[in-house]
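Each remark here refers to the structure printed beneath this line.
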Amino acid sequence: MDRSRSLEASRNPALARRSDNGGSPGVPVFAIDHEHRLLDTGFLASPHCDARPDPGDISLLVVHAISLPPGEVGTAHNRRNICDLFLGRLDCGADPYFESLRGLRVSAHACIFRDGSVVQLVPFDRRAWHAGESRFAGRERCNDFSIGIELEGCDTLQFEDSQYAALAGLAAAIGRRYPAIGRERIVGHSDIAPGRKTDPGPHFDWQRLMRLMDADR
Ligand SMILES: [Zn+2]
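So that you can map any letter, position 92 of the sequence shown is 243 in my numbering, and since no number is skipped, the others follow by simple counting.
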């Protein structure tokens with residue numbers, strides 16, 4: 152472990168529990184409590200959620216990417232803007248781009264920032280509003296039955312090692328708790344809303360995610 156990684160781990164309790172899987176950042180272990188919340192992870196309650204039509208049907212994981220303003224990543228400013236958007240308190244006068252977001256009520260279940268830290272915003276048994284008009288395997292309204300995870304990022308930048316590790320750990324924990332979410336039911340927003348959405352974008356390495364999940368088993 153190099154010095155930068157040890158410093159990163161010291162800032163992030165989840166990453167401090169990393170396992171050794173051969174040079175890649177280890178995959179943190181996450182647990183989900185009886186209220187469908189991640190243990191030992193920051194939680195900010197988004198008002199942008201409601202009840203799932205079938206609470207027992209949690210059967211898809213959707214990976215997204217977001218940066219606010221677009222293309223800005225890795226700054227405290229961007230991180231705050233993302234949280235504020237999902238919490239319904241973004242100052243839409245603060246940036247010309249934000250005017251296009253005025254009145255938008257969206258959320259995700261959790262966000263993974265550039266340093267691999269995770270914030271949950273909606274308990275997994277509630278319906279978050281991340282997918283919009285969408286379809287998976289012939290079924291529409293993917294918000295009804297999916298979990299949405301946002302990566303801090305954009306279409307033009309690679310994602311960070313720590314983000315892959317955190318996502319692999321999260322996906323593994325989600326798969327343990329909601330076993331209907333098998334590997335074939337982990338998809339990108341672009342997969343369920345083609346032509347309308349491009350995230351997580353061309354730089355997202357699906358094979359790398361799957362390798363990390365395999366290494367963690
Ligand atoms: Zn998206």
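Every residue gets a Cβ at the ideal spot worked out from N, C-alpha and C, and that includes glycine.
Check: residue i C-beta below 7 Å from any heavy atom of ligand 1
i	result
Asp276	no
Asp350	yes
His215	yes
His260	no
His199	no
His228	no
His187	no
His354	no
For residue j and residue i, the rounded distance between their alpha carbons
i	j	result
Cys234	Gly289	32 Å
Val270	Glu284	25 Å
Pro204	Gly193	27 Å
Trp357	Pro198	31 Å
Ala150	Asp312	Nothing can be reported for residue 150, as the shown portion of the chain is limited to 152 through 368.
Leu252	His228	17 Å
Tyr329	Phe296	11 Å
Ala196	Arg292	23 Å
Asp242	Gly225	19 Å
Arg359	Asn294	26 Å
Ala259	Ala279	5 Å
Phe181	Arg231	23 Å
Ile325	Ile332	8 Å
Leu189	Gly177	19 Å
Glu335	Ser268	25 Å
Gly254	Asp191	32 Å
Arg327	Arg286	24 Å
Ala261	Gly339	15 Å
Distance CB(residue i)-CB(residue j) smaller than 8 Å
i	j	result
Asp266	Pro206	no
Phe310	His354	yes
Val273	Cys200	yes
Assumed close pair residue i, residue j - CB separation to whole angstroms, cut-off 8 Å
i	j	result
Leu375	Ala366	Outside the modelled stretch of the chain, which goes from 152 to 368, sits residue 375, for which no answer is possible.
Ile337	Ala323	About 11 Å; that fails the 8 Å criterion.
Ile263	Ile298	That pair is no contact at about 13 Å.
>> Quick test of the definition: if touching needs 3 or more C-beta pairs under 8 Å, does the segment 328-345 touch the segment 196-213?
In response: yes
>> Within 8 Å, do at least three Cβ pairs link the segment 355-366 to the segment 221-240?
In response: no
> Using 8 Å as the Cβ pair cut-off and three pairs as the minimum, do the segment 302-320 and the segment 350-358 touch?
Replying inline: yes
> Are at least three pairs of beta-carbons, each pair with one atom in the segment 313-320 and one in the segment 183-194, less than 8 Å apart?
Replying inline: no
> Should the segment 242-260 be regarded as contacting the segment 216-228, the criterion being three or more beta carbon pairs within less than 8 Å?
Replying inline: yes
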